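Undergrad:
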Amino acid sequence: MNLGGWIIMLISVGSVTSLFCWCIYKVLLTPEQEGDIHRFEIETPDTEHK
Amino acid sequence: MTSSFPKETWNSRIGIILAVSGSAVGLGNFLRFPGLASKHGGGAFMLAYFISFLIIGLSICWAEWAMGRAGGQKGYNSSPGILGAITGRKNLKYLGVLGVLVPVMIYMYYVYIEAWCLGYAVNFMAGNLEFQSGDEASAFFGSFVGISDNGAAFGFGIKQVGFFLVAVFVLNFFLIYRGLSRGIELFCKYAMPALIILALVVLVRVMTLGTPDPGNPDLNVSNGLGYMWNPTKVLLEEQTVGGDWQKVREIVGERSLSNAVQEASTSPRMRVREISLPEQLTNFQLWLDAAGQIFFSLSIGFGVIINYASYLKRKDDVVLSGLAATSANEFCEVGLGGLMTVPAAFTFLGIAGATGSTLGLGFNALPMVFSSMPAGQLFGFLFFFLLFLAAVTSSLSMLQPGIAFLEESMEIGRHRSVAVLGFITAIGSGFVVYFSKDLKALDTIDFWVGTFLIFVLATVQIIIFGWVIGIKRGLEMANQGASFPVPKIYGFIMKFITPAFLLTIFALWTTQNVFGYNIITGQQEYSSYWKDLFIEPNGVARFSVLLIIIVASFIAFLATIANKFKFQNEGENKS
Numbered sequence: 006m007n008l009g010g011w012i013i014m015l016i017s018v019g020s021v022t023s024l025f026c027w028c029i030y031k032v033l034l035t036p037e038q039e040g041d042i043h044r045f046e047i048e049t050p051d052t053e054h055k
Numbered sequence: 021m022t023s024s025f026p027k028e029t030w031n032s033r034i035g036i037i038l039a040v041s042g043s044a045v046g047l048g049n050f051l052r053f054p055g056l057a058s059k060h061g062g063g064a065f066m067l068a069y070f071i072s073f074l075i076i077g078l079s080i081c082w083a084e085w086a087m088g089r090a091g092g093q094k095g096y097n098s099s100p101g102i103l104g105a106i107t108g109r110k111n112l113k114y115l116g117v118l119g120v121l122v123p124v125m126i127y128m129y130y131v132y133i134e135a136w137c138l139g140y141a142v143n144f145m146a147g148n149l150e151f152q153s154g155d156e157a158s159a160f161f162g163s164f165v166g167i168s169d170n171g172a173a174f175g176f177g178i179k180q181v182g183f184f185l186v187a188v189f190v191l192n193f194f195l196i197y198r199g200l201s202r203g204i205e206l207f208c209k210y211a212m213p214a215l216i217i218l219a220l221v222v223l224v225r226v227m228t229l230g231t232p233d234p235g236n237p238d239l240n241v242s243n244g245l246g247y248m249w250n251p252t253k254v255l256l257e258e259q260t261v262g263g264d265w266q267k268v269r270e271i272v273g274e275r276s277l278s279n280a281v282q283e284a285s286t287s288p289r290m291r292v293r294e295i296s297l298p299e300q301l302t303n304f305q306l307w308l309d310a311a312g313q314i315f316f317s318l319s320i321g322f323g324v325i326i327n328y329a330s331y332l333k334r335k336d337d338v339v340l341s342g343l344a345a346t347s348a349n350e351f352c353e354v355g356l357g358g359l360m361t362v363p364a365a366f367t368f369l370g371i372a373g374a375t376g377s378t379l380g381l382g383f384n385a386l387p388m389v390f391s392s393m394p395a396g397q398l399f400g401f402l403f404f405f406l407l408f409l410a411a412v413t414s415s416l417s418m419l420q421p422g423i424a425f426l427e428e429s430m431e432i433g434r435h436r437s438v439a440v441l442g443f444i445t446a447i448g449s450g451f452v453v454y455f456s457k458d459l460k461a462l463d464t465i466d467f468w469v470g471t472f473l474i475f476v477l478a479t480v481q482i483i484i485f486g487w488v489i490g491i492k493r494g495l496e497m498a499n500q501g502a503s504f505p506v507p508k509i510y511g512f513i514m515k516f517i518t519p520a521f522l523l524t525i526f527a528l529w530t531t532q533n534v535f536g537y538n539i540i541t542g543q544q545e546y547s548s549y550w551k552d553l554f555i556e557p558n559g560v561a562r563f564s565v566l567l568i569i570i571v572a573s574f575i576a577f578l579a580t581i582a583n584k585f586k587f588q589n590e591g592e593n594k595s
């Protein structure tokens, strides 16, 4: 691989990896909106239709 | 029409992000993307790829997330319901039919490919895949999928696809039966990290391959990466009688270059030429392939994101979630897939082994590669198992839009809906698997639904978002609850640039791949897909299209008669 190949590979892989890590960081550290507390749905909608 | 919140919801924000990224990450990330990047030259392709990502990928992704969540708040989870409810135009539900048809039809053949991945993983583990030549690898693949004759795929030995098909079909419906959070979300929460870890393990193995054959020093990992990422291409060319220069072969590696220069010096009609990055960017096929890859890779236009987003709550952050799911897909594609498959294939098989179709690279070349490397049995198993996980997370997402639609249109619960969809897809998959000769049914449905209709659906969605809902209201919908807003420039991009770019790509693609018109040479020959239907009729191809029409008609019929889809146009009095 020549120098140009190295540069393109590092920029491409580095940019998508950085974006991915930043997004995960934001998702994990940004608190969810008030009133948006999720919970497990133990019952499926079938129960509702009975 | 109801305004109650959807009953089912995602359990966590990270859960839906993993589910959406799981939907997007599939075989294309590890097989199709590296094949295209190496074909066109890494630098030029990546430039076109990132431009397409910014113009098409993010725009349609954010539009789908925003429309889906808005539809969910109005009590709709299926594409016909969402488009009808949020636009206030009842006839738009018929365009929404595509959002159910596309994933359901794709599932019918995708589950077959998913079974190949599982079958190859198991056969690697059992030590059945130790190929000495390409012919052996091709023969195994042909026998495994039943390519020789219709009906040949229905075998249930370990070297036949039948058992694996039943197993993956049951797994998919078991997970979908458990529900959104306890089935899809729970599975993706484990499968996606596992997939990334497996990919990293295989990647380390590939990066440490060195030069496996000292007698052929050009075949090494560095040159494999160079073949994929170098911004320039070096070709040995020969002049024809007419004076044009034709490619003889591509050159990678010092010894190959030295041989080519020597060969060129023996004849004035031969030359070694370097194609620069700007010259590669003038190739329209490169732009078409880059845009197509972004398009198919991100699961946009599948009807999946709009459905998944409809289960969000009012103030969930769709801008960040959309970007996170998209970036996870890009990481898997560029950061993992881009370093793994093509360099490995090049290192053992040279350029000839690293080029070819997605399925050829995945199921012919790579099994040979793993057969040739130390501990190949283990790494072959890990690689195909990672493909299997990627395929399951995608196929699950193809079922949920159909489930939601049946629940709403037939007013039945999830379990009954799963049973009805299971029946429909079992018939469809049975059709695809039975007509396995030359994979005709699979190929035909993949072309007309998995490519053509996806273009149509994505175009419909972005036009509805930008022009029917209106870009101002659309961005307000997207920005609700967002930790950062959609950049303002995207208002202009989503309204004008994305539809124009998409329509241009779609027109060029149709001209070339349906009508067979070569824009560069001006020559025309209808594509095999067109010929199969209208010029040299092929029974299986025609039946495949008939199957698409029957399923589309069934969905449209349900959308017409369902009480829940009896929308009123804006301004009409409610009775």
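Which chain is which? The protein sequence lines are A and B, in order.
In the numbering used here, each residue carries its 1-based index in the first sequence increased by 5.
In the numbering used here, each residue carries its 1-based index in the second sequence increased by 20.
Beta carbons are placed, not taken as given, at the ideal position from N, Cα and C, and that holds for glycine.
Keep in mind it's a predicted model, so treat the numbers as computed, not measured.
Taking G88 of chain B and I326 of chain B to be in contact with their CB atoms under 8 angstroms, please state how far apart those CB atoms are, rounded to whole angstroms.
TA: Indeed they touch by this definition, with Cβ atoms about 4 angstroms apart.
Undergrad: Determine contact between the stretch 114-134 of chain B and the stretch 510-524 of chain B, defined as no fewer than three beta-carbon pairs at a distance below 8 angstroms.
TA: Verdict: no, contact absent.
Undergrad: From the DSSP output, read off the bridge partner residues of R291 of chain B.
TA: B:E257
Undergrad: With H, G and I counted as helix, E and B as strand and the rest as coil, what does DSSP make of W487 of chain B?
TA: helix
Undergrad: Listed in chain order, which residues of the stretch 336-357 of chain B have Cβ atoms closer than 7 angstroms to some Cβ of chain A?
TA: D336, L340, L343, A344, S347, A348, E350, F351, V354, G355
Undergrad: Would you identify the three-state DSSP class for K267 of chain B, choosing helix, strand or coil?
TA: In the three-state reduction of the DSSP assignment, K267 of chain B falls in the strand class, which pools E and B.
Undergrad: List the endpoints of the continuous alpha helix (DSSP H) containing C137 of chain B.
TA: 118-145
Undergrad: Helix, strand or coil: which one does DSSP assign to Y114 of chain B?
TA: The answer is helix: DSSP assigns Y114 of chain B an H, G or I state.
Undergrad: What did DSSP end up calling I13 of chain A once you bin it into helix, strand or coil?
TA: helix
Undergrad: Among B:S456, B:E134, B:T580, which residue has its Cα nearest to the Cα of S168 of chain B?
TA: Checking every option, the nearest Cα to that of S168 of chain B belongs to B:S456.
Undergrad: Using a threshold of 8 angstroms, state whether the C-beta atoms of F73 of chain B and S449 of chain B are closer than that.
TA: no
Undergrad: I'd like to confirm the pairing. Which residues does DSSP put opposite Q544 of chain B in its beta bridges?
TA: According to DSSP, which records beta bridges pairwise, Q544 of chain B is partnered with B:Y537.
Undergrad: On a Cα-Cα basis, can you pick out the residue from B:E545, B:A498, B:I474 that is closest to I320 of chain B?
TA: B:I474
Undergrad: What's the call for W307 of chain B, buried or exposed, on a 16-neighbour Cβ count within 10 Å?
TA: buried
Undergrad: Find the nearest neighbour of A395 of chain B within the set B:E283, B:G355, B:R225, judged by alpha-carbon distance.
TA: Closest in alpha carbon position to A395 of chain B, among B:E283, B:G355, B:R225, is B:R225.
Undergrad: With H, G and I counted as helix, E and B as strand and the rest as coil, what does DSSP make of N349 of chain B?
TA: helix
Undergrad: Can you find a C-beta in chain A that's less than 8 angstroms from the C-beta of M360 of chain B?
TA: no
Undergrad: Closer than 7 angstroms by C-beta to G62 of chain B: which residues in its own chain qualify, once you throw out the five before and the five after it? Chain order, please.
TA: M248, W249, N250, P251
Undergrad: In or out: Q300 of chain B buried (at least 16 other Cβ within 10 Å) or exposed?
TA: buried
Undergrad: Just the Cα atoms here: how many angstroms apart are V560 of chain B and K460 of chain B?
TA: 7 angstroms
Undergrad: Compute the Euclidean distance between the alpha carbons of I491 of chain B and K515 of chain B, then round it to the nearest angstrom.
TA: 6 angstroms
Undergrad: Identify whether D463 of chain B lies in helix, strand or coil by the three-state DSSP scheme.
TA: helix
Undergrad: Below 8 angstroms on the Cβ atoms is my contact criterion, and I expect P232 of chain B with M393 of chain B to pass it. Report the Cβ-Cβ distance as a whole number of Å.
TA: With a Cβ gap of about 7 angstroms, P232 of chain B and M393 of chain B count as contacting.
Undergrad: In the structure shown, what three-state DSSP assignment does S242 of chain B receive?
TA: helix
Undergrad: Tell me, please, whether the CB atom of S391 of chain B is closer than 8 angstroms to any CB atom in chain A?
TA: no
Undergrad: Answer with buried or exposed for A214 of chain B, where buried requires no fewer than 16 other C-beta atoms within 10 angstroms of its C-beta.
TA: exposed
Undergrad: Kindly list, in the order they appear in chain B, the residues whose Cβ is closer than 7 angstroms to that of L34 of chain A.
TA: Going along chain B, no residue has its Cβ under 7 angstroms from L34 of chain A, so there is no contact; the nearest lies around 10 angstroms.
Undergrad: Could you check if F577 of chain B is buried or exposed, using at least 16 other CB atoms within 10 Å of its CB as the buried criterion?
TA: exposed
Undergrad: Assign W27 of chain A to one of two classes, buried (16 or more other C-beta atoms within 10 Å of its C-beta) or exposed (fewer than that).
TA: Exposed, since its Cβ has fewer than 16 Cβ neighbours within 10 Å.
Undergrad: Leaving out five residues before and five after K335 of chain B in sequence, what residues of the same chain have Cβ atoms less than 8 angstroms from its Cβ?
TA: Q500, G501
Undergrad: Where does the unbroken alpha helix (DSSP H) through G154 of chain B begin, and where does it stop?
TA: In this chain, the alpha helix (DSSP H) harbouring G154 of chain B covers 154-165.
Undergrad: Classify I555 of chain B as buried or exposed, calling it buried when 16 or more other Cβ atoms lie within 10 Å of its own Cβ.
TA: Exposed, because fewer than 16 other Cβ atoms sit within 10 Å of the Cβ of I555 of chain B.
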